[in-house]
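> This structure is in structure tokens; I'll ask about it shortly.
In the numbering used here, the protein residues as written are -4 to 214.
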């Protein structure tokens, strides 16, 4: 369990994060990457040194919480610093002037934050079915959903592991899971069955998605 800075000593940097200045020359620092990640008491962090990738030598950071477990590969140039009280985690890189490291800095921080949120609160995606006869039906086992959007039959989708669904109504389906990528990708698969079209505004909408309707050509 990663509750103290000594656990991440192999990836910890003894140098403090660089401070922004008012110099005309831009300082190479990630605005997102340098933001601290707040770790709830219910979340456990651990580096799986035995699960390191043999090619990249990246070591997985295991993030465990009430809703599940996530794994984020930590590259060798990444630096993780956990505060003494175990409540905040800071991410930095070995050389902020290196293009690849600078690009991955914010991405790595976002991945860790997404999993921390996912294993505690979960990620939710809402699908809205708009159109006459557009609806869905959850299977009794709670692991499948049958979607009907204008075709003669229905299309079955099997929920990925870790994804659950709540049915507020026959035209609104709420997907939830601890892995944001898995949840959004599954929602995109269902949406691809009938993407929103711009003439009648029918289709499967994701979250607050809107579409601008096109006018009819009148001769």
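Cβ coordinates follow ideal geometry from the N, Cα and C atoms, glycine included.
This one's a predicted model, so the numbers in the text were calculated from it and none came from an experiment.
1) What are the boundary residues of the beta strand (DSSP E) that includes residue 83?
2) Between residue 192 and residue 95, what straight-line distance do the alpha-carbon atoms span, to the nearest angstrom?
3) Starting from residue 132, trace the alpha helix (DSSP H) in both directions and tell me its first and last residue.
4) Answer yes if the segment 160 to 176 comes into contact with the segment 129 to 140, meaning at least three C-beta pairs across the two stretches below 8 Å, and no otherwise.
5) By how many angstroms is the C-alpha of residue 120 removed from the C-alpha of residue 60?
6) Under 6 Å Cβ to Cβ from residue 154, same chain only, skipping five residues before and after it: list those, please.
7) Hey, how far is the Cα of residue 73 from the Cα of residue 100?
8) Of all the options 110, 199, 93, which has the alpha carbon lying nearest to the alpha carbon of residue 128?
9) Near residue 197, what residues of its chain come up, given a Cβ to Cβ distance below 6 Å and the 5 sequence neighbours on each side ignored?
10) Check the DSSP bridge columns for residue 102 and list the partner residues they point to.
11) If you run the structure through DSSP and keep just helix, strand and coil, what is residue 38?
12) Can you check whether the CB of residue 104 is closer than 7 Å to the CB of residue 86?
Concretely, from the data shown:
1) Against the chain shown, residue 83 aligns to sequence position 88. From DSSP, the beta strand (DSSP E) with residue 83 extends over 83 to 88.
2) By 1-based counting over the chain shown, the position of residue 192 is 197. By 1-based counting over the chain shown, the position of residue 95 is 100. About 39 Å.
3) Here residue 132 refers to the residue found at position 137 when the chain shown is read from its first residue. Run containing residue 132: none in the alpha helix (DSSP H); it sits in the beta strand (DSSP E), 130 to 133.
4) The count of Cβ pairs closer than 8 Å, one atom from the segment 129 to 140 and one from the segment 160 to 176, reaches three, so the stretches are in contact.
5) Start at 1 with the first residue of the chain shown, and residue 60 comes out as number 65. Start at 1 with the first residue of the chain shown, and residue 120 comes out as number 125. Roughly 20 Å between the two C-alpha positions.
6) Mapped onto the chain shown, residue 154 falls at position 159. Around residue 154: 138.
7) Here residue 73 corresponds to residue number 78 of the chain shown, with the count starting at 1. Here residue 100 corresponds to residue number 105 of the chain shown, with the count starting at 1. Going by the C-alpha atoms only, they are around 8 Å apart.
8) Position 133 of the chain shown, counted from the start, is the residue given in the question as residue 128. Among 110, 199, 93, the Cα nearest to that of residue 128 is on 199.
9) The count along the chain shown starts at 1 and reaches residue 197 at position 202. If we look at residue 197 and ignore the five residues flanking it on each side, its Cβ neighbours are 125, 126.
10) Stepping through the chain shown from its first residue, residue 102 is reached at position 107. In DSSP, residue 102 forms no bridge with anything.
11) For the purposes of this step, residue 38 is taken as the residue at position 43 of the chain shown. In the three-state DSSP reduction, residue 38 falls in the coil class, being neither helix nor strand.
12) Taking the first residue of the chain shown as position 1, residue 86 is located at position 91. Taking the first residue of the chain shown as position 1, residue 104 is located at position 109. The Cβ atoms of residue 86 and residue 104 sit closer than 7 Å to each other.
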